[in-house]
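Residue numbers (this note's numbering), protein chains in the order written: chain A, 1 to 714; chain B, 1001 to 1100.
To keep things clear, I will list the structure first and then write my remarks on it.
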Amino acid sequence: MFLETVAREGATFFHLAPLAVFVPLLGALVNGLIGRRLGERGVALVAVTASGFAFLVAVLQALSLTVYPEGAVVPIAEWITIGELRIAWAQQIDTLSVTMMLVVSGVGTLIHIYAVSYMHYDVRYKGDPGRYARFFAYFNLFIAMMMILVTGDSYLTLFVGWEGVGLCSFLLIGFWYEMDILGRPSTANARAAMKAFVVNRVGDAGFLLAMFLMFWFFGSLQFREVFEKVPEVAQAQPWVLMAITLLLLLGVTGKSAQIPLFVWLPDAMAGPTPVSALIHAATMVTAGVYLVTRSHELYMAVPEAQAVVAVVGGLTALVAASMAVAQYDIKKVLAYSTISQLGFMVAAVGMGAFVAGMFHLVTHAFFKALLFLGSGSVIIALERAHHPLPEEGGHGHGHDQGDHGEHEDHGEHEPFNPQDMRIMGGLLRRIPVTGWTYIIAALALAGIPPLAGFWSKDEILLEAKHLQPVVYGLLSAAAFLTAFYIFRQVFMVFFGQPRSEAAAHAVESPRLMTGVLLVLALLSLTGGFLNTPWFHPFGQWLEHTLKEVEALPFDPLVAGISTGVGLVAIGLAWLIYRGTFAWSRWEQDPLQFLLKGLFDFLQASWHWDDLYQVVFVRGYRALAGFLAFAVDWTFWHDWFHDVVVAGGFRRISRFLSQPIDLGIIDGIANGLGNSVQGLALTLRRWQTGYVRNYALAVMFGVVGMLVYVLWALR
Amino acid sequence: MVPTSFYVFLAALLFTIGAVTVLVRRNTLIIYMGIELMLNAANLAFVAFARQFGDVAGQLFVFFVITVAAAEVAVGLALIVTIFHTKHSVDIDAISDLKG
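Shown next as structure tokens:
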């Protein structure tokens, strides 16, 4: 291949790596500054090109790595130099970071292309077409930030990207900040964005503390320098590594939505669907998994911390999967599913099965992006059936087609919610491409061979069986629930009879969207062959960075159990939603009828949010109230400000004005005036105006002078 | 020959009469006469001493005094006329506008 030859010739592409950051950044700037004037086509072209260019750069890095697998460090700029702390902004190009680059820019570009069409509808249904450019500016900014995150050669550079993607996440969750997900005026979306941001702050605090400790005991934040000193520090201060790894884990639980900080991710579904696909499923939330993998030398030195990470991941996988079972919102199911799958990855990297974790990260990016984009396609299909855009002329259902695209909900109706799975059903016939690709992704998620999810999940389960049997149990149970909830969703959405007018008239999405779905479906079908037990190029690829990689032999028992569990769960879902307890026989979700209270408990996500509400939010509010009313108002304002500052000032100014200004300063001025006046009053008596008096005075003067002269001449 | 001291006494007498006239009389014209009287008392003293010392400078000085007195009278009478025009009086006490 031509490019490979070029790479072999010695001209490596490593020095091109900064472009993966700067080109998307440029795209974000262009769209952010002059996007409104470019028109939708111009904006889309700029955004997709920028993201595609980043992918091209990533591919070139990968090509260079095939020849120079040891990678390179590409310096960009001197950044911080304070005393001993020297941090350059440099990019670490190795197999691990390039894997992330490929996933981020590859899946990112596909989602960009999808969003070109999706956002065309979304901005119109939400009533502000001008926001199209802003969306793509944020999206490109996200790609740039993610590139900084995955290529940084120090924890601080990584943290910059970490916060940058958090910012983009905040901006995009709150993209429709003035409404809720149904488009009603509300602060709901803005609150969801703020929740994501605030919960992530908790995790970031852990990350920061870990970095402080790292600088204190390692004297550096650069990956290589830190890892070199691990054995030394592990011997001298074992607790330091323990503290650092657990604090990093806190950061991971924030960004990768693990117990206990996962609560922000379901609310993050308030963002447009491509955002959920790119940021809250495929890339940003996997940053935590990347962080643990990147820090593998730290974690390998502390087995106890590894166990904690693995258990956190395993518990999250199971708990979140159980929550996903009882959701009605098509995206909420996927949100909990994402949390659960991230739990799989975190458990894997926690156990030390870094290749398995990264492998699942990659395949998950494919099929979860596909699921989210498919759900977006379903949402748009229902929206278009419910009230077609004026430009389409529309053959949706009757009353609100034509010129007034604005839909009027009559008072007694629930507002139309295109994300509610209860109004769907039978969509496979109406939107076949979306439907079949969705089923492929669902099979991949359920871990049915030979799809992508099977291989990666199987590898994790295999490692878990050997390394952490408890976690193996948790993950197997989670795998069962995973297959169940995703096929519950598939059956509710795509099979059976349509349960609403909109579902009966759903319109397949444009080819730009379905095309992306097909590409991702292909990746979900074949992605698993990157790393099968018999042929594992992915493992060998990562071996250059991760060193210790022993691929476990294929275990038919593990694979059989996981596949069997998946099939049983799918069968159970079929039984409940299509067979004996089919939806049509019951007025409600049959599962809700079967599980009763448990269903509500799961639907409320174990009342986790309510717990935080009681423990943290209420306490925080009480504290805030105390601070606001007692401390700020009564103490600072009423007492300190009014009495001490203002009162003191008043007293000083009164002192200065009364005795000093009026007494002394004015006294001097007035006294001068008064004394001059008094003198004048005395002297004026001499001026009688009578010539005689003056003449007399002259005479006395002359006589006086004469007397003097005569006396002097004596 | 009449001794010089007689002339000087007479001059002093005239001067005193003139000065008292200026100080005590209210009629402006009379005051003018008092001033003339003092000037001529001085002239008499000049002339008397000029004769005693045989020096004509004293006599010469008298001519100057007479000339200046004539000019002074001209100015003074003009002032008196103007005062009379404005005050309808020649009483010296009527012009006390500069009283402080």
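Beta carbons: idealized from backbone N, C-alpha and C, even for Gly.
A:Leu-461 is the residue among A:Ala-188, A:Met-284, A:Leu-461 whose C-alpha sits nearest the C-alpha of Gly-313 of chain A.
Not one beta carbon of chain A lies nearer than 8 Å to the beta carbon of Ala-1041 of chain B. Per DSSP, the continuous beta strand (DSSP E) segment holding Ala-72 of chain A begins and ends at 72-82.
Residue environment analysis places Pro-231 of chain A among the exposed positions, since fewer than 16 neighbouring C-beta atoms fall within 10 angstroms of its C-beta.
Taking 8 Å as the upper bound on Cβ-Cβ separation, chain B lies near residues Leu-683, Arg-684, Arg-685, Trp-686, Gln-687, Thr-688, Gly-689, Tyr-690, Val-691, Arg-692, Ala-695, Leu-696, Met-699 of the region 677-699 of chain A. Straight across, the Cα-Cα distance linking Glu-40 of chain A with Leu-518 of chain A is about 24 Å. The beta carbon of Val-1073 of chain B sits closer than 8 Å to the beta carbons of Tyr-1032, Glu-1036 from its chain, once the five residues preceding and following it are set aside; these are given in chain order. The beta carbons of Lys-457 of chain A and Gly-473 of chain A sit about 15 Å from each other, so the pair does not count as a contact at 8 Å. With contacts defined as CB atoms closer than 8 Å, Trp-162 of chain A and Ala-324 of chain A fail to qualify as a contacting pair.
By the Cβ neighbour-count rule, Trp-541 of chain A is buried, with 16 or more other Cβ atoms within 10 Å of its own. Following the DSSP letters along the chain, one finds Gln-1052 of chain B inside the alpha helix (DSSP H) bounded by residues 1028-1053. Using a Cβ-Cβ cut-off of 9 Å, Ser-1096 of chain B is close to Thr-688, Gly-689, Tyr-690, Val-691 of chain A, given in chain order. The Cβ neighbour count for Pro-537 of chain A, taken over all protein chains shown within 10 Å, is under 16; the residue is labelled exposed. The beta strand (DSSP E) runs lying completely inside the region 35-61 of chain A and spanning 3 residues or more number zero. The beta carbons of Val-378 of chain A and Ile-330 of chain A sit closer together than 8 Å.
Along the region 1051-1084 of chain B, none of the residues has a CB nearer than 7 Å to a CB of chain A. Within the region 1023-1038 of chain B, the residues whose Cβ lies closer than 7 Å to any Cβ of chain A are, in chain order, Leu-1023.
Within the region 623-676 of chain A, the complete alpha helix (DSSP H) runs of at least 4 residues fall at 648-655. In the structure shown, Met-323 of chain A falls within a helical segment according to DSSP collapsed to helix, strand and coil. Interface annotation, Lys-1087 of chain B: not in contact with chain A, CB-CB separation never under 8 Å. Straight across, the Cα-Cα distance linking Val-74 of chain A with Gly-352 of chain A is about 28 Å.
If you compare the alpha carbons of A:Gln-468, A:Cys-168, A:Gln-341 with that of Thr-363 of chain A, the shortest gap goes to A:Gln-341.
With respect to chain A, the C-beta atom of Gly-1018 of chain B has no partner C-beta closer than 8 Å. Spatial neighbours of Arg-499 of chain A in its own chain (CB-CB distance under 7 Å, excluding positions within 5 residues in sequence) are listed in chain order as Arg-422, Ile-423, Met-424, Gly-425. When only Cα atoms are considered, Leu-591 of chain A and Ile-576 of chain A end up about 7 Å apart.
Between Ile-259 of chain A and Phe-640 of chain A, the alpha-carbon positions lie close to 44 Å from each other.
The beta carbon of Asp-1093 of chain B sits closer than 8 Å to some beta carbon of chain A.
Counting C-beta atoms within 10 angstroms of its own C-beta, Val-1081 of chain B has fewer than 16 neighbours from the protein chains shown and is therefore classed as exposed. By the criterion of a C-beta distance shorter than 6 Å, Leu-530 of chain A is surrounded in its chain by Phe-538, once the five residues flanking it on both sides are discounted. One alpha carbon belongs to Leu-546 of chain A, the other to Leu-382 of chain A, and they sit about 46 Å apart. Looking only at A:Val-226, A:Lys-126, A:Leu-261, the smallest Cα-Cα distance to Thr-245 of chain A is reached by A:Val-226. The beta-bridge partner set that DSSP reports for Trp-436 of chain A is empty. Using a Cβ-Cβ distance cut-off of 8 Å, the region 74-93 of chain A and the region 125-133 of chain A are not in contact, since fewer than three pairs of beta carbons, one from each stretch, lie closer than that value.
Sequence-distant partners of Ala-385 of chain A (beyond 5 residues in either direction) whose C-beta falls short of 6 Å from its own C-beta, in its chain, are Gly-396, Ala-502, His-505, Ala-506, Val-507. Annotated three-state conformation of Arg-86 of chain A is strand, per DSSP.
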